[in-house]
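Here is the structure we will look at, set down as structure tokens.
In my numbering, the protein residues as written are 544 to 915.
This is how it looks when you write it as structure tokens:
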């Protein structure tokens, strides 16, 4: 019977994470007397601890990652049920600050007033940012006869601010001397809704081309002209369908829709492709700006490092450093420890997410273990 149950669990993991390497096969949780009821699965080193339901909500950018993590963790740790609702970063933070959830997902770090408010729900502590999910924001394009396109921050800024309006503009030609660029109108699409993707894309434009992009970065679009669509699915669909279109969205949308993506001329020795490995390289250039146990990152949007793709999004899990609810603390630490583990991070690559660089992931694991 035990052998049959184990086979059933293996089938569940394989079905729930088809795109992920078979190396992620998990075994069932046993008992561990040294762990207060917790246990270790030898195949994946998932330490199961805590029981009952763990509620969390927030960022929709990490939804696919969270779905995979929950499937893998649940296959190993049957006593804990994790319910994550992709309500959006703002709503997730609010629910956390209201004490409704064990942790929140957010594509931007906590603001000073949110940290102050978190002290009301974190008994003797405060909310902290734990980076968990990275991902490249691709710039997708649809230009007939053009398979490879190189752009820099200045040219992108002028395209999305309606200063460059034709695909055969001299600035684009200068970056693509071998391409046959048509005299075709540029159809630039941006998000109509407030989004962390827009926030990160405009932070890149502002940091790397401050004179060409006069607008302040933010979740709401500030550029002139262009057309809008709702969500990453909306703008990517427009690029897929409209000749001459260009927009920005998570790499997974480009992959799923077979959309060609721009290589960025960052000033490095060669243009940089939008890949998960290149996004991880850019994240490795980031510096921790948080204090204490807070690991909020200051991303290097203007990096010139070889192979570093600078338009990246980092999503945080937000929890209390101290004062987590006793009933959910063990499960929270157990789940977040798996999420930050090597298995949890490497499982994301084929979903279009960028694993955290080793040095950052190590800091996250140490912080998770210290939660109380």
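Glycine included, C-beta positions come from ideal geometry on N, C-alpha and C.
This structure is a prediction, so every number in the text was calculated from the model and none was measured.
Taking the alpha-carbon of residue 820 as reference, which of 811, 851, 790 has the nearest alpha-carbon? Position 277 of the chain shown, counted from the first residue, corresponds to residue 820. The option with the nearest alpha carbon to residue 820 is 851.
Among the candidates 770, 740, 643, 658, whose CA atom is the shortest distance from the CA of residue 835? Numbered from 1 along the chain shown, position 292 holds the residue referred to as residue 835. Of 770, 740, 643, 658, the residue nearest in Cα terms is 658.
Under 8 Å Cβ to Cβ from residue 814, same chain only, skipping five residues before and after it: list those, please. Within the chain shown, residue 814 is the residue found at index 271, counting from 1. Cβ neighbours of residue 814 beyond the five flanking positions: 693, 806, 807, 808.
Cβ separation of residue 601 and residue 630, assumed to be a contact under 8 Å, to the nearest whole Å: Walking along the chain shown from the start, residue 601 turns up at place 58. Walking along the chain shown from the start, residue 630 turns up at place 87. Yes, residue 601 and residue 630 are in contact; Cβ-Cβ is about 6 Å, under 8 Å.
What three-state label does DSSP hand residue 774 in the structure shown? Counting from 1 along the chain shown, the entry for residue 774 is found at position 231. Residue state, collapsed to three classes: helix.
So residue 823 is in the alpha helix (DSSP H); what residue range does that whole segment cover? Start at 1 with the first residue of the chain shown, and residue 823 comes out as number 280. Residues 819–827.
For the region 703–718 and the region 903–915, state whether three or more C-beta atom pairs, one from each stretch, are separated by less than 8 Å. no
Compute the distance between the beta-carbons of residue 897 and residue 823, then report whether it is under 8 Å. By one-based count along the chain shown, residue 897 stands at place 354. By one-based count along the chain shown, residue 823 stands at place 280. The answer is yes: Cβ separation under 8 Å.
What is the residue span of the alpha helix (DSSP H) that residue 877 lies within? As a first step, residue 877 must be located in the chain shown, where it is residue number 334. Taken as a continuous stretch (DSSP letters only), the alpha helix (DSSP H) holding residue 877 covers 869–883.
Could you tell me how far apart the beta carbons of residue 862 and residue 914 are, in whole angstroms, since I believe they sit closer than 8 Å? Walking along the chain shown from the start, residue 862 turns up at place 319. Walking along the chain shown from the start, residue 914 turns up at place 371. Indeed they touch by this definition, with Cβ atoms about 6 Å apart.
Could you pull out every residue in the same chain whose Cβ sits closer than 7 Å to the Cβ of residue 640, ignoring the five residues on either side in sequence? Stepping through the chain shown from its first residue, residue 640 is reached at position 97. Excluding residues within five positions, the ones whose Cβ falls inside 7 Å are 657, 660, 661, 664.
Going residue by residue through the region 671–746, where are the continuous beta strand (DSSP E) segments of at least 3 residues, counting only ones entirely within it? 693–695, 730–734
Suppose you measure from the CA of residue 856 to the CA of residue 802; what does that come to, to the nearest Å? For the purposes of this step, residue 856 is taken as residue 313 along the chain shown, with counting starting at 1. For the purposes of this step, residue 802 is taken as residue 259 along the chain shown, with counting starting at 1. Rounded to the nearest angstrom, the two C-alpha atoms are 19 Å apart.
Segments assigned beta strand (DSSP E), at least 3 residues, entirely inside the region 780–844: 788–793, 806–808
Quick one: residues in its chain with C-beta nearer than 6 Å to the C-beta of residue 647, no 5 flanking neighbours on either side, listed in chain order? On the chain shown, residue 647 is found 104 positions in, with the first residue counted as 1. Here the set comprises 601, 635, 636, 639, 861.
For the beta strand (DSSP E) containing residue 664, name the first residue and the last one. In the chain shown, the residue the question calls residue 664 occupies position 121. First-last for residue 664: undefined, no H or E at that position.
Which residues in the same chain have their Cβ closer than 6 Å to the Cβ of residue 624, if we skip the five residues on either side of it in sequence? For this step, residue 624 is matched to residue 81 along the chain shown. Taken in chain order, the residues that qualify are 596.
Between the region 761–773 and the region 726–740, can you find at least three pairs of beta-carbon atoms closer than 8 Å? yes
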